[in-house]
Each structure stands twice: as C-alpha cells, then as structure tokens.
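Taking this note's numbering, the leading residue of the sequence shown gets 726, the next gets one more, and so forth.
Virtual Cβ for every residue (Gly too), placed ideally from N, Cα, C.
Remarks on the structure that follows.
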Amino acid sequence: MAEKDTPVLGEKVTSTESGASSVKPSLHGFTGVFHNDEKPPEKPNDAQVDAVPAVDSVRPVGFTELFRYSTPFELSLDALGILCAIGGGAGQPLMTLIFSRLIQDFVTFNTVGLLYDNAQQSGNATAISIAQQNLDTAIDQFRTNVVLDVSYLTYIGLAMFACTYVYMCAWVYTGEVNAKRIREKYLQAILRQDIAYFDKVGAGEVATRIETDTHLVQQGISEKVAIVISSISSFFTGFAIAYARCWQLALAMSSVIPCLVITGAIMSKLVSKYTKQSLQQVAESGTLAEEVISTVRTVQAFGSQMVLGALFDKKMNTIRLVDAKVAIANGCSFAFIYFLNYAAYALAFNFGTTLINEGHADAGRVVNAFIAVLFGSFSLTMLGPELLAITHGRGAAAKLFATIERVPDIDSASPEGLKPENVFGRITLEDVQFSYPARPDIPILKGVGLTFEAGKTAALVGASGSGKSTIVALVERFYDPLSGSVKLDGVLLPELNLKWLRSQIGLVSQEPVLFSTTIKENVAHGLIGSPYEHVSDEEKFRLIKEACIKSNADGFIAKLPQGYDTMVGERGFLLSGGQKQRVAIARAIVSDPRILLLDEATSALDTQSEGIVQDALDKASAGRTTISIAHRLSTIKNVDQIFVMGEGIVLEQGTHHELLGNEGPYARLVQAQQLREGAETRTAETLGDNRHDNIAAVSSSDKENADAKEIPLRRRDTRNSLTSNLASEKSAGRKRNESGYSLFYLFRRIGGLARPWYNMYAISVVGSIVSGMIYPVFSIIYGKALASFSEPDPAVRRHDGNMNALWQVSFFIIAIVAAISTLIPTYYFTIASAELTASLRILSFRTVLRQDIQFFDKEENNTGALTAEVNDNPQKVNGMAGVTIGAIIRAVSTLIGGAVIALAYAWKPALIGIACIPLLISAGYIRLRIVVLKDQQNMSTHADSARLACEAVGAIRTVSSLTREADCLRLYSSSLDGPLRRSNRISLWANLIFAFSQSASFWVIALIFWYGCTLVSRFEISSAALFVALTATTFAVIQAGLAFQSVPDMSTARGASASIIKLFDIVPEIEVDSTDMKTFAQKSPQGQICLKDVHFRYPTRPTVRVLRGLNLTIEPGTYVALVGASGCGKSTVIQLIERFYDPLIGQVLLDGEPINEYNVQEYRKQIALVSQEPTLYSGTIRFNILLGATKPISEVTQEEIEAACRDANILEFIRSLPDGFETQVGGKGSQLSGGQKRE
C-alpha cells in the first residue's frame, strides 16, 4: 500500500466520492490470465479528497408534519395518548396540593405545640392540662389528615399508572406503525423515480436513509413525544396550580417562561438544521460504502482499501464539523435554560416570605405555588434526550419526506396512459436528440431517426459511446429525448402507460442482474405485469420451464441439487456468467413479450457460453421485434436490418450483405474484426489445434447437447471425503466462535474505543454529577424554607426569611454552577459521542474491507445489510454515548445525593425511601431485559429488510424493466411485519413495567410521607428535618423511576454494540493488512504460476467439490486461456491465484514459493485483473485511472495516464469530453457506456 510519501489525490465529488478503475496498467512483466467472472481493478496507496458537500435546500419539517402519514385512527390514538400524557404529567404538581395541606397541618400542629410549651413554662397545672388535651387532639387530627393526604397520593399514583400505561402503549404502537409506513413509502417513492434520479442517489444512500433516518424519525414520533408532553403538562400544571393558589408568586416566576420558549425554539431550529446536514453526509457515505462493498473483489484485487477508506474518512470529518455545531447549540441552550430555572427559585424564596409576612397569602398557598413550579420545572430539566430525539427526527424527516413526495417526470407509479389491446412492435425514433441529465453539455444522440419494423430483428453496431445503449434506454423509456420522439406502433411513448409499456418489453442487458432468491422466482419476475402474473403455480412453473428450455438453461438447472429451487445468491454470484445470462434470457421471454432488447448480451461470455447463449437468443428472437446491440459482428449477420452508429448519428443502415457492398463504416468494422479473428485462428493452427473452426460450425442441436452436458456449479454433494470434512470443520469452527456478549463486556469494549476522548467523558461525568447534586443541595434550602413558612410566629418567619435572603447570592452562584455544569457535559458528551460514532463508522467500514472474500459469500453479509451496519449501528450507539448517558449519570447523582442528605437529616424515613428504591430500579431493569430481547430478535429481520431495499435500488434498471416495483415493495413490507408484531406485543408488557416504575414513586413518597409525619407527631424528628428529608427523598425516588426512562435507547445501543463488536472480532483467514509476510522488495517476480494438487470447495458450500487434485503450471511471459463449460472451475482458478481463497489441500506457487507466505497487498500488486463486469466508482476519470496505479500517485505522470488510456483505446474519447480527465463518471460508472467502462 502507501509509502511514506503517499501523495494527495484531490477530487471534487457532488454526492459521493470514491474511485476505482476498470483497467489497471501493470508495471510488471507478468503472466496474462483471462477469465470471466471477477470484477475490475483499482489500486493506489492513500488518498485525501477535497469533498464538496452536496447543496441541499430541503428544510427540516415542522413537528406536526412528522405525522403527515398517520391514519385518522392513529391520530386518534395519539390524541388519547396526549390526554393521558397530560393527565400523567399533572401528577407531580398535584402532589404539591398535598404538600400545601401538610404545611397548613404543620402550622396548626406547631401552633398547638407552641402553646403547650408556653403552658409548660408557666407551671399552671390547669393550663398544662388544657394544653395537653389540645395537643392530643391536634396529634390525632394531624395523623388523620396525614392518612387522608397519603390516600390522595396513592390515588394520584393509581391514576398516574393508568395514564402512563395508556400513553406509552398508544405512542409506542403509532410510532412503530408510522416508522414502518414511512419506510415503505420511502422505498415506494425511490422505486418510482426515473433513472436520471439514480445518477446522483446510490443504493447505499437509500439503505442508510431507510435504516438510520427512519430510526431517528421513529424516535421523534414515538413515546418520547408523550414523555415531552407529560413533562410540559407537568410544567404548565405546576404554574396553573401556582396561579390558583398564589397568583402573585406565580406571576413573578412566569417571567422566565418567554425566555425558555425562545431559547427552546432557537435550539430546535439550529439542531434540526445541523442534523439534516449531518444526515446528508451520512447518506452519501452510505452510497460510497455500498459501491465499495458491492465490488469488494475489485477493491481487494487492487488493494484499494486505504484509498477508499480515506474517502469515507473525509465524509466522517465533515460530519464531525457539523456535530461540533450541534454540540455548541445544545450546550448553550440547555445551560441558559438551567440558569433561568434556578435563578427563578432565588426570586421565589424571598418574595414568598414577603407575601406571607404582609398577609397577602398564607404559608400553605405560598408553599403550594412554589413547590408546584419547582416540580413542574424539575420535569423539564430531564427532557434533554427526548427533545434532542424529536429535533433529530425533524432533521431526518426532511429528506425522507421530500423524496416521498417527489413526483418524477417519468413516473412508473402513474396509472395514466394508454394500454392498447394489440401490440405489433413497430418502434420509430424521429429526429431524436439526447444528452444525459448528469452531463447535459455532452450530446449523445444528434437527430437520430430510425425504424425497427414489427417482428423483425435489427442490430445496432458502432464504437463504444456512439449511442447504442442510449437508444435501448429510450425505448424502455428510462429517459425521454430532449427533442424528437420515440413511438411504439405510431403512439408516442409518453402517451402510453409506463408499466404497460415495459411489460411489453423483454430486456437482456450486458451485465445481467439476478435477485437473491431461487432460479424459479428469478424467472417468474418476468411474468409481473403480464396476463400470466396470477395464474396457478403449476401453470407458472410450466411457463418458467419452457422459457428455460428456450434459453438453453434447463440443462444445467436440472443438474443442480435443488433444481429450480436453487438459491442464486446476491446478484447471482453462485452462478457463472453464462448461467446468469441464460436465466436472464428466460426471464425476459417467459411472458412472451412483443419486443426484445438485447444490450450486448454475450459480450462478456467465453466462446462456448457465447455459442449456447447466442443460440438461445436466436430462438428467443423469433417472431418478436428484436433490437440487438452486438460487439461480435458474426452474431448479427443474419438479422433483418443493421444500423451503424457513430458520433451520435446513424452512419448507415441495411442488411449485412448490403453494408458490406457499400464498403462503408460497417465494412471497415467487419474487416477489422476479421483481422483479429484471423490472427487468433492462425495462432490456433500454429499450435496444431483447428478446433476454432469447429466451434464456429457447431449446430443448434450440438449447442443444446453441450448445454445438457454442462457441469453445474453445484456438483454432486460429497459428504465423506477428506476435503468435505475439512471444509465442514472450518465452517463449524467459524460458527462456534460466534457467541453472545454481556452488557459489561460491551461497555468495556466500546469504552475502550473511546479512549482518545476519555478526558471529554471524564469532564462530562464530573459535570453531570455536579448537575445532579444541585437538587439534593437545594432540598436543604427548600426544606428549611418550608419549615420557616410553617412557623406560626411572623417574627420567626421574617428571621428565617432573612436567613434565606442571605442565601440569595449563594442561590445566584448555584444558578451559575447549574448553567456551567449543564453546558460542559452537554457540549463534551455531544462532541465525544460524535467522535466515537464517526470512529465506529470508520472502523466498521475498514473492518468490512479487511475481511476475506468468503466473509462476503455468506448470505447474511450481503451488501445491503453491511451498508446499513456500517452507518446505522454506530448511530444507535450514539443514542447512549451522548447526552442520554449524561442524563442517567445526573439521575444517579441526584438519587445518591438525595439519599445521603435525607439520611443526614432524618435517617428513619430516609431508610424507608432507600429500601424502596431497589424496587423501582428492578422494574426498570426488567423492562430493559424485555426490550433487549425484542431488539435482538428484530435485528436479523431488519438486516434482511435492508438487503431487500439495497438490492432493489442497486438493480433499479432491472427492477424498472421488469415492473417489479410493487413486488419489491411487497417483499420489503412483509419483512417488516414480523418485527412490528413482535414489538407491539412486547411493548404491552414493557410499558406495564414502565408505568409501574413511574407510579410507584408516588406510593413510595406516600409511605415516606406517612412515616415521617408519624415521627413528627411523636416529636422524634423536627418538621424542618422532615421537610429536608422528604424533599431530598422525593427527588431521589423520582430519579430512580426516571433512570430507566431511556430503556429503548439502551436496548438499541446494546444490540448495535454487540453487532459492532462481533464484526470487529472476526479474524479473516486471509489477512490483507498483515505486515509480517514476505514482500518483493529484494526481487521482482518472474511470473511462474503453479497449482499443485489443489483441492477446493467454497466455504459456503463445503459439501460441493469444485477442484479435485488440479495441477497446472503457467510459465513466465506466456499467454494462457482457461476454457471449459460454465461452472467447471475456471473462475475458481483465478480466485485462487488472486488469493481470494486458499485451497483446502495443495498449494498455489509463485516462482516456486507458496503465495500464502507473501504479504497479500504486495502480492496482489503484481497482478492486473480485468473482470467480466467492469467497475468504476463515483469520481472523475482521472481519479478512477489513478486508482489502478501500483506506485505512489505523485509519481504517476500525465504522460503515463495518457499512455494507459491510449493502450485501452479510450484516450480520444476522453479528450473529446468537455472536462476531459476531470469528467465525472457517476455512481458505478453510470455515465459511461459498457465498452467505455471496460476500456
């Protein structure tokens, strides 16, 4: 890989950045090996990319807009939940009515007690007797009132339980259902977009948004909304009670409300804005991840992990900058809110004493008003994580909803348009001019006019980039021409129903795409939209089998162990190129379409496979309007009409013989191809092998026989051989290593990765502890103030009030401390969690890239799942690594501090409260375990749904041509049904426990209230001590109930952490980054390749033999071809030489040395790989070419780049582009033709 002087590769990228090349110029003399199954090249050392973030004008949605896709029933449930949340939130302020009664009871009780003390001091027996009787009566009345107050608290707790359970169930249910609906609508909207849309949006972005963004939206529309409403209800109920009991004090404290509202609005706007920007970068990094993971063989063949990793890092760095702004906005906003909140209390203490002393209010009313506001505002201080979740949801919804509501110009979901009953198949292009939307300044077609007669076969030939595939795209109506028209049977294509039009067309493309299902299902996709879509299964299978017979696929399918029920793997990787192509042909003709489009359907096949496939195409073309794009002119000499394309125009047209007679461009093409074929023939004759001619003369029946004898990819299972046992043991060993992780282990491992930010976390933890201790410290002042308010003597009240007034400066200092202890943790927790999240994304991406190929062969490690895992799991960990963990630490700090202070002032009632706290914590922990179990069960299902979405979008042209949009959506929706049912079922129990933990705090407070008052009535503790202990314990108990409020975040973070650590713990058998292996520093390889007694089976199919005792020697400088039937092991040999796999038995040698002794990266640098399906990455042409360099990029000159392009016959084309080497190639090279990508 990179040396120390690795240069900088500057690259401007619009939506994603990455790079790869389809040609890697080899700077080493090495044996050339041709094969047809792998994917192209790339290979640099390191790179930095000056990314230009995509400009996005989509604004964050308003809060109410988050529910735009809710049904009336769901909105009704939400309304019911809101009413219950309002009722539940009113519980704590209503509790203050009990406290006000307590104050009045204390005033009465203390007055009687004071009279009794005065009588005792007077020594008058009669006065003492009367005072004793009055005291006994007061004690009885006090205890009676306490019991009544306790019963009220119990009733409030019961109401709280019912309200909490209802609002949690309602909002969790609607949140889950809406999240599923948004996912479905987003995928539906994506699949309806025109092809031009996907020039800028990749499958990775879709997979990221459909997992990460919808998860954020779900958090913003689920139970967190109800919790916020409950807290807001508590806040306003507190003020309502305060106004009802003592409007003067309430009015004074209301002065902070406008400031709180304005601060919250500003924070929400800023955080939503920055969240949207961050998620845009996350989505773009997902596109890059998908491009890279889907072409991982290319990445590994050319050692591009570091370069592509650097591109990914660049995106993460941009996200870090945005998250830093979020941290500042959060920290400043919450700090200001806390400062206002605590500063208002200072005002209330002094003003409340004045109101009592001047007779404007009694002690009970002042205490009631003050405590009501206190408890109401206390609930607001715990809302940080919930408010951020809603704000993040608004930001995430912006792009999702904009996409959902985007109506493309070419709308596959539109029911409008004509659906003629009879189709003849005559296609006409009239003066068509066209440029691709991504490159509007480069004309592709310049006034093209041609006609494809119904039922006839026509061919398009010409140089790469001449417009052949563009004509096919226009006929499929992937694009509309800029001017001119395309007609079917005289009707303009835009006037026809789009789905109907595409159902009349069968398309076989140069790079066939099969879906990860069975062969039977893949072929059945061709029946969608046809009259046979809903026939019986027996009739469907008959049609499928007939189509496979016509496409010469039935022979090899019949020999597979599962026959037509054989799974083909992601993108059909379990089948060879020829087998995939024939299945694709069967899919195209199974519905008997009137039009067949063949876009270089045999260009990437070996000679035998091409012969079989070409025979299948000839049979499939009979009686249909067929448009064939051919690269081998010998395959089209019998067609009815040939159109020769060049520079975007039709140069000439006619039959094969007519065009040869014209001696024009076509004749020159034929002559050039004959020269090449003649050279090949003479070479074959020199070697004494005349079979080349025999191949050309093979009859149709011979081709069918060859197909029948073809060696299937999955040969007969052998379960008792040595190699079978070795392969099975390896597979079993890998499964045994996959074990679960404890919560403590996960915390330690993830925490270890956060080591660079330990200082931030340490500061944040200290700040959170200080912030959490403020309420317990306040309880001392509150308790003393309450005691002073309950004094019957005004002089004593004034003295105590003045004492409290002396605390005013201290109060202001505490307010400042509260602001600072909120600002610092919020800022640093946000920064540290953002850094950790970015680091986890980078490590996940790089860990995926360092895996060997057998890792990607596993079904669960498909592109969609891995792409979602790279971005989504770190985002879920972020939910617990930031302000949420700060809220938990603050809650624990308040819990411990309150318990300690309560013990110090009144240990007996404090012990009662402390003894009940484990009950509340246990309830929260049980809920956590239930939710964790549910999330673990849902995780694999969500990964499968991500695969379905990514697969559909990654093959959007195939999906569109097959009109599979509704089918893909149905499968995706079905994959979400199981998790939805499971989540709703489990939430009934989890929310029951949560409701208990919230209401139980009232019952615990009631118990402490009753026992403490009993002790006061016995004169065992003072009223002041009880007030301090009661206030401190109340805060502690409430926090114990709130400590597990973030259980859903804890659960998702735990599951995500387990997946991340599991990924990190996978050790590939072939380590690409190992540094303790041999290199080629001392000598250059000669290039002799030797396979000695090689036995091999693919790890995912350990019982299926592929190579048995293969011995092969390739001498240096020789040109060797591997030929044979599809599935005979040709590509396997290439993969062993590339060291994608190691043989089970035997060795692969380079110049007599085992290749497994060499450093993998250095070894692969010696090999240039050109595969069947060319791969380019989003970026410029220069960028893709430089990725193929085997020396430092700074050392590659422009002359060397141009020389490589000249050798690939692409230099003139590049120079003809307005931006030359700086031309953007689009995602996966979508802006170039197949031939241009390969060159």
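Residue i - containing beta strand (DSSP E), residue span
{"i": "glycine 1371", "result": "1366–1371"}
{"i": "arginine 1833", "result": "1832–1839"}
{"i": "valine 902", "result": "Taken as a continuous stretch (DSSP letters only), valine 902 belongs to no beta strand (DSSP E), being part of the alpha helix (DSSP H) at 850–917."}
{"i": "histidine 1820", "result": "1814–1821"}
{"i": "valine 1233", "result": "1230–1233"}
Proximity of residue i and residue j at Cβ, strictly below 9 Å
{"i": "arginine 1307", "j": "asparagine 1277", "result": "yes"}
{"i": "glycine 900", "j": "glutamine 829", "result": "no"}
{"i": "arginine 1282", "j": "isoleucine 1244", "result": "Strictly speaking, residue 1282 in this sequence is isoleucine, with arginine absent from that position. Yes, they are a contact pair."}
{"i": "isoleucine 1621", "j": "valine 1490", "result": "no"}
{"i": "serine 1353", "j": "leucine 1342", "result": "yes"}
{"i": "aspartate 1214", "j": "valine 1148", "result": "yes"}
{"i": "serine 1316", "j": "serine 1255", "result": "yes"}
{"i": "glutamate 948", "j": "tyrosine 890", "result": "no"}
{"i": "serine 993", "j": "leucine 1112", "result": "yes"}
{"i": "alanine 914", "j": "isoleucine 1681", "result": "no"}
{"i": "aspartate 1692", "j": "isoleucine 1253", "result": "yes"}
{"i": "serine 1194", "j": "glutamate 1372", "result": "no"}
Sequence-distant residues of its chain with Cβ nearer than 6 Å to residue i (five each side left out)
{"i": "tyrosine 2046", "result": "With the chain represented from 726 up to 1964, any question about residue 2046 goes unanswered, as that position is not in the structure."}
{"i": "phenylalanine 824", "result": "Ile1096"}
{"i": "lysine 1344", "result": "Lys1275"}
{"i": "glutamine 1860", "result": "Tyr1866"}
{"i": "glycine 1379", "result": "none"}
{"i": "threonine 1000", "result": "His1117 and Gly1120"}
{"i": "alanine 1422", "result": "In this predicted model, alanine 1422 has a pLDDT of only 37, less than 50, meaning its place in the structure is not dependable enough to derive any value."}
For residue i, the nearest candidate out of the options (CA to CA)
{"i": "phenylalanine 1074", "options": "Pro1145, Ala977 and Gly1084", "result": "Ala977"}
{"i": "valine 926", "options": "Val1491, Val1678, Gly1649 and Leu1143", "result": "Val1678"}
{"i": "asparagine 1586", "options": "Thr1857, Arg1296 and Gln1005", "result": "Arg1296"}
{"i": "tyrosine 1975", "options": "Asn1709, Gln1396, Glu1388 and Ala1122", "result": "This structure cannot speak to residue 1975, because the chain is shown only from 726 to 1964."}
{"i": "valine 1502", "options": "Tyr1470, Val1625 and Gly1476", "result": "Val1625"}
{"i": "alanine 1761", "options": "Ser1856, Glu1015 and Ile1637", "result": "Ile1637"}
{"i": "alanine 1198", "options": "Thr1079, Thr1828, Val1211 and Ser1856", "result": "Val1211"}
{"i": "glutamine 1600", "options": "Phe961, Ile1785 and Ala1627", "result": "Ile1785"}
{"i": "isoleucine 1545", "options": "Thr962, Thr933, Gly1842 and Ile1053", "result": "Ile1053"}
{"i": "glycine 787", "options": "Gly1120, Asn1093, Cys1675 and Thr962", "result": "Gly1120"}
{"i": "alanine 1893", "options": "Glu1325, Thr1023 and Arg1931", "result": "Thr1023"}
{"i": "arginine 1779", "options": "Gln1891, Leu1471 and Val1233", "result": "Leu1471"}
Limits of the unbroken alpha helix (DSSP H) element including residue i
{"i": "glycine 929", "result": "928–933"}
{"i": "glutamine 1723", "result": "1690–1742"}
{"i": "cysteine 809", "result": "797–814"}
{"i": "serine 955", "result": "948–970"}
Cutoff 8 Å; reference residue i; Cβ partners in own chain excluding five residues on either side
{"i": "arginine 1045", "result": "Ala1559, Glu1560 and Ala1563"}
{"i": "asparagine 1884", "result": "Ser1799, Thr1800, Met1802, Lys1803 and Thr1804"}
{"i": "threonine 833", "result": "Ala863, Gln866 and Phe867"}
{"i": "lysine 1460", "result": "At lysine 1460, the pLDDT of 45 sits below 50, so the modelled position is not reliable; the number obtained from the coordinates is stated separately. Within the same chain, lysine 1460 has no close Cβ partners at all."}
{"i": "valine 1542", "result": "Val1495 and Ile1499"}
{"i": "phenylalanine 1946", "result": "Thr1905, Ile1906, Arg1907, Ile1910, Ile1926 and Ile1939"}
Sequence-distant residues of the same chain with beta carbon closer than 7 Å to residue i, five excluded per side
{"i": "histidine 1820", "result": "Thr1448, Leu1832, Arg1833, Gly1834, Pro1868, Leu1869, Ile1870 and Gly1871"}
{"i": "lysine 905", "result": "Leu1701 and Leu1705"}
{"i": "aspartate 1290", "result": "Thr1243 and Lys1245"}
{"i": "isoleucine 1567", "result": "Phe1037, Asp1038 and Met1041"}
{"i": "isoleucine 1167", "result": "Ser1160, Leu1942 and Pro1943"}
Cβ-heavy atom distance, residue i to the ligand ZN, below 8 Å
{"i": "aspartate 1365", "result": "This structure lacks the ligand ZN, and indeed carries no ligand of any kind."}
Integer-rounded CB distance, given that residue j should sit under 8 Å from residue i
{"i": "lysine 1124", "j": "leucine 941", "result": "About 11 Å; that fails the 8 Å criterion."}
{"i": "glycine 812", "j": "cysteine 888", "result": "4 Å"}
{"i": "alanine 1557", "j": "methionine 1485", "result": "4 Å"}
Chain D contact for residue i (CB, 9 Å cutoff)
{"i": "alanine 1127", "result": "In the displayed structure, chain D is absent; only one protein chain is listed."}
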